[in-house]
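Let me begin by presenting the structure, written as structure tokens, before commenting on it.
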Amino acid sequence: MKIISGTAHRALAESIAETLGQPLADVQVTAFPDGETAVKINENVRGADVFIIQPSCPPTNHNIMELLILVDAARRASAERITAVMPFFGYARQDRKDQPRVPITAKLVANLLTSAGVNRVLTMDLHAPQIQGFFDIPVDHLYAKPALIGYLRERHPDTSNLTVVSPDVGGVKMARAYADALGAELAIVAKHRISATRVEAMNVIGEVEGRDILLVDDMTETTGTLTSAAEILHRHGAKRIFAGVSHAIIS
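Okay, so the sequence shown: first residue is 642 according to the numbering used here, each after it adds one.
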């Protein structure tokens, strides 16, 4: 097994390698003067099971391109199998045509990864789970719920006064899974979206007065949805409000 780290999240790759008791492969990732990415694998990967750790978080385009170049280098070096480890899958919000003449970029990214030579993808809490179907190769879709629930129970073992809240209708399934696991109540914030980055929370479905709140979401970028939800929950008498987010892409 060979573990290769891109530049997107070196600390994550180092932590994974340490947990597995494996060294990171010796790989150079540099840039030409014009900004093009240059990659060189400095050790033998022929016949190896290669894991390339490279989430496609911002800068998304750069990190995806770097991943594709790393995959190509490993494939041309005769790696037996290549797994792209992408905890955050960029472009996951562009999973369908919601307007005329727009792309389905998540499908394009899936095609690029497959064409480059990826044999398997490992990702976590996809914004749109149906993206798994965009691939003709295996996709391991993992969930952050066990880790987040473990963290919450360790610091707040008493969940008798806890309500898990979905900040929008689309996240109800995720919130219900957390509520069931914690033995907590479930509530929903029904909102009206003004634009892609601005939302206006409208109402709360469920009982939150006097209760601690756990807001759960798969990702947040501007925190607009979470802050709008928190404001209306406070107006409805909620006590403490916590947020559990799988991917905090704060911009």
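For every residue, glycine included, the Cβ atom is placed at its ideal position computed from N, Cα and C.
As the structure is a computational prediction, the values presented were derived from the model and not from experiment.
- Within the same chain, Cβ atoms closer than 6 angstroms to the Cβ of residue 780 are found at 762 and 773, the five residues on either side in sequence being excluded.
- Note on residue 792: under 16 other CB atoms within 10 angstroms of its CB, so exposed under the neighbour-count rule.
- Counting along the chain, residue 865 sits inside the alpha helix (DSSP H) bounded by residues 865-876.
- Taking 9 angstroms as the cut-off, the Cβ atoms of residue 655 and residue 689 do not count as close.
- With contacts defined as CB atoms closer than 9 angstroms, residue 854 and residue 831 fail to qualify as a contacting pair.
- Each residue's CA atom was taken as its position, placing residue 692 and residue 801 some 42 angstroms apart.
- Scanning its chain for C-beta atoms nearer than 6 angstroms, with the 5 sequence neighbours on each side dropped, one finds around residue 769 the residues 733 and 736, in chain order.
- Note: residue 644 is bridge-paired with 665 and 692 in the DSSP secondary-structure output.
- The beta carbons of residue 668 and residue 683 sit closer together than 9 angstroms.
- Taken atom to atom, the span from the alpha-carbon of residue 806 to that of residue 869 is near 13 angstroms.
- With respect to the C-alpha of residue 666, the residue from 678, 790, 676 and 687 having the closest C-alpha is 687.
- Note on geometry: alpha-carbon atoms of residue 751 and residue 658 lie some 26 angstroms from one another.
- Judged by DSSP secondary structure, residue 703 falls within the alpha helix (DSSP H) whose first and last residues are 701-717.
- It is roughly 20 angstroms from the alpha-carbon of residue 877 to the alpha-carbon of residue 864.
- By the 16-neighbour rule on beta-carbons within 10 angstroms, residue 673 is exposed.
- Here residue 808 has 830, 856, 858, 866, 867 and 870 as same chain residues with Cβ atoms under 7 angstroms from its own Cβ, once five neighbours each way along the sequence are excluded.
- Under the three-state reduction of DSSP, residue 759 is assigned to coil, being neither helix nor strand.
- By the criterion of a C-beta distance shorter than 6 angstroms, residue 883 is surrounded in its chain by 855, once the five residues flanking it on both sides are discounted.
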